[in-house]
Amino acid sequence: MRIAIASGKGGTGKTTVAVNFAAYLDSLGVKVSFTDCDVEEPNAHFFLNPELSAEKDEFIPVPKIDEDKCIGESCRKCVEICHFKALIWMVNSVMVFDELCHGCGLCELACPADAIGEGQRLIGTTSHGKAGNIDFTRGLLRIGEAMSPPLIKVVKEISPKAEINIFDCPPGTSCPVVESLVGADFVALVTEPTPFGLHDLDLAVQLLDTLKQPYGVIINRSGMGDDRVEHYLSEKNIPLLGTLPHSREAASIYSGGGLLYDSISGFKDEFAKIWSSIQTFTGEAK
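168 is the number of the first residue of the sequence shown in our numbering; add one for each residue after it.
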């Protein structure tokens, strides 16, 4: 089963839920694979403490123009069909803007003179590791790189498969999140009981409704705000998977890189409830 942990906004405790959920399942003897898809600012390793392998450079293909073969201004087909404006005709030649290229390969396929070959551009690095029995994979986007979805796709492809595969998604509702959600069997949306939390939860719900993916909601730091999130879930008939109470002790343990599920009374029961709810909604309940 592939479970994505996502949130409409940053700071709701998405990674906190993801790492503790993974550790809880591991404590039950479930084989878990954890993939940190937040390649712009991965932080799950601070809590699971995996022993990581050496980082491996990852690239995407970019067009490389053979000017001797290029038939020039009479063609310019590659320039015309590039949806991302990564190719332009300038000073009697095709100029490539590598940073705008998405590596789709359409220009190479369309070139009638076979003048476009494949170069490459570094987009970041990936690394593997083991956190106890948990398989751990993460990516780290190259500084200055504008597009994270290609690296997220690679991270997911190379992540070992297990009984339960957890994707710790980036926050928000943009392209990196959509790429992280691809292939997920179930999505757990983490929110907080605040007006900002509700606003961005609604954006995430609209996204998942559009993608037609099954999902439920976890309320983190329950008790710190109001009950508008609960009313929203009730009105929309959205499953509430569980709640994690607001706690100064939890904040202190989190700040030290510790796990909560086995450190604070009642948290293990809440993660048991979340796991049971996910199994029920996905038809995996034993």
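Note that the Cβ used here is the ideal one computed from N, Cα and C, for glycine as well.
Computed from a prediction, not measured in an experiment: that's the story for all the values here.
| task | Sort out for me which residues DSSP pairs Lys231 with in a bridge. | result | For Lys231, which the question treats as bridged, DSSP gives the partners Gly284.
What three-state label does DSSP hand Arg395 in the structure shown? Here Arg395 sits in helix by DSSP.
- [ ] Quick one: grab the DSSP three-state call for Ala221.
- [x] DSSP places Ala221 in coil when its eight states are reduced to three.
- Item | Residue environment, Ala418, which counts as buried when at least 16 other CB atoms sit within 10 Å | Burial state of Ala418 is exposed, judged by a 10 Å Cβ sphere holding fewer than 16 other Cβ atoms.
Q) Exposed or buried, Gly180, counting other C-beta atoms within 10 Å across all chains shown (16 or more means buried)? A) Under this definition Gly180 is a buried residue.
### Task
Note down, in chain order, each residue of its chain lying with its Cβ closer than 6 Å to the Cβ of Pro437, except the 5 sequence neighbours on either side.
Sequence inspection shows Glu at residue 437; the Pro mentioned does not correspond to that position. Excluding residues within five positions, the ones whose Cβ falls inside 6 Å are Gly409 and Leu411.
Discussion item. Rounded to whole angstroms, what is the Cα-Cα separation between Arg309 and Glu402?
Written reply: For Arg309 and Glu402, the distance between alpha carbons rounds to 43 Å.
Exercise. Among Cys268, Val246 and Ser294, which residue has its Cα nearest to the Cα of Ala277?
Worked result: Looking at Cys268, Val246 and Ser294, the one whose alpha-carbon comes closest to that of Ala277 is Val246.
Compute the beta-carbon to beta-carbon distance between Ile301 and Val206, rounded to the nearest angstrom, for a pair I have assumed lies under 8 Å.
That belief does not hold up - the Cβ atoms of Ile301 and Val206 are roughly 19 Å apart, past 8 Å.
query = So, are the CB atoms of Ile325 and Pro343 less than 8 Å apart?
reply = No, the Cβ-Cβ distance between Ile325 and Pro343 is not below 8 Å.
For this session: Return the CA-CA distance between Asp443 and Thr449, expressed in angstroms with no decimal places.
Result: For the record, residue 443 in the displayed sequence is Ser; it is not Asp. So the two alpha carbons sit approximately 10 Å from each other.
- First and last residue of the beta strand (DSSP E) that includes Gly409? It spans Leu407 to Pro412 - the beta strand (DSSP E) in which Gly409 sits, taken as one unbroken run.
Which listed residue (Glu416, Leu219, Leu192 and Tyr399) has its alpha carbon closest to that of His295
Cα-wise, what sits closest to His295 is Leu219.
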